[in-house]
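2 protein chains.
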Amino acid sequence: MLQAMRTSQFDQSMTRLDLGVGQPGFDLLPWDKLAQAAAHLLPQNDTALLNYGLEAGDAFFRQELAAFLTPRYGYDLTAVDLFITAGASSALDLICTLFTQPGDLVLVEEPTYFLALRLFADHGLRVRGVPLEKDGLNLAVLEELLYEEKPALLYTVPTFQNPTGITLSATKRRKLAELAEAHGFLIVADEVYHLLDYTAVPPAPLAALVPEGAPVLSIGSFSKIFAPGVRLGWVTAGSRYLEKLAGSGLLDSGGGLNPFMSGLLRSALQTGLAQAHLAWLKEVYGRRTAVLTAALREFLPAGFAFDQPEGGFFVWVRGPEEMDTAVLLPAAHSAEVGYQLGHKFSAAGGQANCMRLSFAFYKEESLREGARRLGRVLDNRA
Amino acid sequence: MLQAMRTSQFDQSMTRLDLGVGQPGFDLLPWDKLAQAAAHLLPQNDTALLNYGLEAGDAFFRQELAAFLTPRYGYDLTAVDLFITAGASSALDLICTLFTQPGDLVLVEEPTYFLALRLFADHGLRVRGVPLEKDGLNLAVLEELLYEEKPALLYTVPTFQNPTGITLSATKRRKLAELAEAHGFLIVADEVYHLLDYTAVPPAPLAALVPEGAPVLSIGSFSKIFAPGVRLGWVTAGSRYLEKLAGSGLLDSGGGLNPFMSGLLRSALQTGLAQAHLAWLKEVYGRRTAVLTAALREFLPAGFAFDQPEGGFFVWVRGPEEMDTAVLLPAAHSAEVGYQLGHKFSAAGGQANCMRLSFAFYKEESLREGARRLGRVLDNRA
């Protein structure tokens, strides 16, 4: 029983191919690299990493992280631009605590990352969705909405969005920042997929508007580019926002959010292990994307469509308007295949004809087999 | 500059002996033991620790932790009784998010742990203090208060309290649980000092009332018994409370709060390293308590009093009623000694004549010298 309780309910050896699982496959987790990082760190006797750390995070780690991000984000970052978190969810939770009150309105993409909706609910926040277009948020709808509502913040996954894979265009990024400035709301940009580009380089992250004073809090994480279990991420934002995070009661009491793990990742960056892992992940995920999408083109029946993702973890499949992917799920499970229900990603009760698939968890042959099974289930639907 | 930004502003090599620092000395941090734990863990290739973990925490770690706590808490615990946190502050923050609404009342001890007050403020909570007696909370005052107020929760450090060192008696523990039951509030018991007894074994923790169905959430942590930088702790409580914690949006999205560090501490427990470190800490802290309190008895002028702590980190010194320790602090700093201001620990603007000292950070000779300097400052006060 304990073994079954180890991690999640997901297991690569199971017969069912659950393409809904949106986490890295166990074969992609860098145990050896972490062991090498430990071999680099442990002789250092750096006991500072075992005490209450600086609220914003170990400065040497932030320095390494800033050097890592500078070429990848496309502008100069230094240690003081970064606040270390225990992952993106930890960041979003802290932001909700400090920058919202229950009853406040949060705008999200429609569809959006479903677990962010859970987090907003825990903080008593109201949520409204803004539709997505091929190039990201529909800003015309957003502008109209801003005449009637005063949101506290807008939550977006601007690059390789979860669940759609859509990327917000450079023009819209700038326009969105202007709207936030004009209407006095914060943009919380969940940029955890930004570094996972496979076939097209995305526009500069929303983080890049921070030096210009845009009201953006940009969330990054090692979960997607190294390993979720390290529970380490970062926020970059204007100094007044970072100071609010670092000055919170949680940080004042607990110190930095994960000092010892920060030391391990500092070593992983200093030795190039983290960079090498990211480069390898991009190759593997790139191939998996190609395999899954090729198989979907082969096996999905008429009436089903998706946009080719250029990065990230996900493929968003849209079925005929009248279809409900929830109704079909038992048949899918009988055929030993699974997916995430589209409606989970909707703040408005929509998206029922959609499903989210991921190419992160399974190897290429399983992805193809999963797509084959899914195609058969969709073919045979009533 | 970065070096100065490493951890906290506190440094054992500084001239000033700041007896207000309430964290372990750098000489007490178990770097070698953590390296040994890593040598035990890393050959295991346990990649589950690098993925999103089970929300309640790795079950094998919880199993080890339950075995560790069972003799020390004095009742049988198993893995399912434990929810793993990223330290006590992380636990308290999550409890506030899930079990309170802004405007709710939190009862605290008067005086109480000052950084908990910060955390409650971030969650928009009202706070009222209940005076402490020699055997803990004044329950007569609490009962009266409960006729006029309906608190959401009562926050207590029942054993070797921060800042006073006071321990709630066994009788009062039971009575407090009855009051909570009768008046429908939660007891949040911050029991992080429970295992640090030096001269007297405390009553069973409030956690021990959980199996009887008491509305207690008991918070524990490795910060005081191993190292703050590992950011690992636990909550034990009735299953309906644990399910609420594990089912929160934060956990649903982020997985377990610190999976890889849980693996390291699992190894530290399995190899006996954590137990050995705790035993050693108790010896060291016991000696430091004796040295600091002996020096205070020698050097404090008439009119100053404290109760001999039997465990924990702190000595609470009470000065003459009319004195204000804030007024005296510049003189103390000129004499290269420091303390925590009493009023910080008050939810009611009181305790100005008090100061919190800690024997955790400095070695014995520094503690004695600090007490000597402090005595001289108090002697010479206007």
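From first to last, the protein sequence lines are chains H and R.
Numbered continuously in our numbering, the first sequence closes out at residue 365.
Numbered continuously in our numbering, the second sequence closes out at residue 365.
Even glycine gets a Cβ: it sits at the ideal position worked out from N, Cα and C.
- Residue 130/H counts as exposed, since fewer than 16 other beta carbons sit within 10 angstroms of its beta carbon.
- In this model, residue 327/R and residue 2/R are separated by some 15 Å (Cα to Cα).
- Out of 134/R, 133/R, 117/R and 113/R, the CA that lies nearest to the CA of residue 124/R is found in 113/R.
- Linking residue 338/R to residue 307/R through their CA atoms gives a straight-line distance of about 9 Å.
- Following the DSSP letters along the chain, one finds residue 269/H inside the alpha helix (DSSP H) bounded by residues 256 to 282.
- Interface annotation, residue 14/H: in contact with chain R, CB-CB separation under 8 Å.
- Here the alpha carbon of residue 30/R sits roughly 16 Å from the alpha carbon of residue 248/H.
- Proximity of chain R to residue 9/H at the Cβ level (cut-off 7 Å) is accounted for by 30 and 34, in chain order.
- The Cβ atoms of residue 349/R and residue 0/R sit closer than 8 Å to each other.
- Rounded to whole angstroms, residue 102/H and residue 145/H show a C-alpha spacing of 15 Å.
- Taking a C-beta distance under 8 Å as the contact criterion, residue 80/H and residue 74/H do not qualify as a contact pair.
- Of 345/H, 267/H, 216/H and 321/H, the smallest CA-CA separation from residue 179/H is found for 267/H.
- When 351/H, 253/H, 333/H and 226/H are compared, the shortest CA-CA separation from residue 282/H is found for 351/H.
- Residue 177/H counts as buried, since at least 16 other C-beta atoms from the protein chains shown sit within 10 angstroms of its C-beta.
- When the alpha-carbon of residue 87/H is set against those of 109/H, 265/H, 295/H and 99/H, the nearest one is in 109/H.
- Taking the CA atoms as reference points, residue 230/H sits about 19 Å from residue 85/R.
- For residue 164/R, the enclosing alpha helix (DSSP H) covers residues 153 to 166.
- Between residue 115/R and residue 93/R, the gap from beta carbon to beta carbon is short of 8 Å.
- Among the residues facing chain R, residue 303/H is not included, as its CB has no counterpart in that chain under 8 Å away.
- One finds 85 and 107 in chain R with Cβ atoms closer than 9 Å to the Cβ of residue 84/H, taken in chain order.
- Beta-bridge analysis with DSSP links residue 294/R to 180/R.
- At a beta-carbon threshold of 8 Å, the residues of chain R lying near residue 81/H are 105, ordered along the chain.
- Using beta-carbon distances, residue 205/H does not count as an interface residue toward chain R, since no partner is under 8 Å.
- For residue 243/H, the neighbours in chain R by C-beta distance under 9 Å run, in chain order, 17, 210, 212, 213, 214, 244 and 247.
- Where residue 130/R is concerned, there is no enclosing beta strand (DSSP E), although the alpha helix (DSSP H) around it starts and stops at 122 to 131.
- Boundaries for residue 314/H: no beta strand (DSSP E) harbours it, while the alpha helix (DSSP H) harbouring it runs 308 to 317, taken from the DSSP string.
- In this structure, DSSP gives residue 206/H a state outside helix and strand, which the three-state scheme calls coil.
- Secondary structure of residue 64/R (DSSP, three-state): helix.
- The DSSP-derived three-state label of residue 323/R is strand.
- Where residue 341/R is concerned, the enclosing beta strand (DSSP E) starts and stops at 337 to 341.
- Comparing C-alpha distances from residue 241/H to each of 72/R, 196/R, 299/R and 261/R shows the shortest one belongs to 72/R.
- With respect to chain R, the C-beta atom of residue 323/H has no partner C-beta closer than 8 Å.
- Contact between residue 173/H and residue 56/H does not hold, since the beta-carbon distance rounds to 15 Å and is not under 8 Å.
- Between residue 333/H and residue 209/H, the alpha-carbon positions lie close to 33 Å from each other.
- For the 8 Å CB-CB criterion, residue 65/H and residue 219/H form a contact.
- The beta carbon of residue 225/R sits no closer than 8 Å to any beta carbon of chain H.
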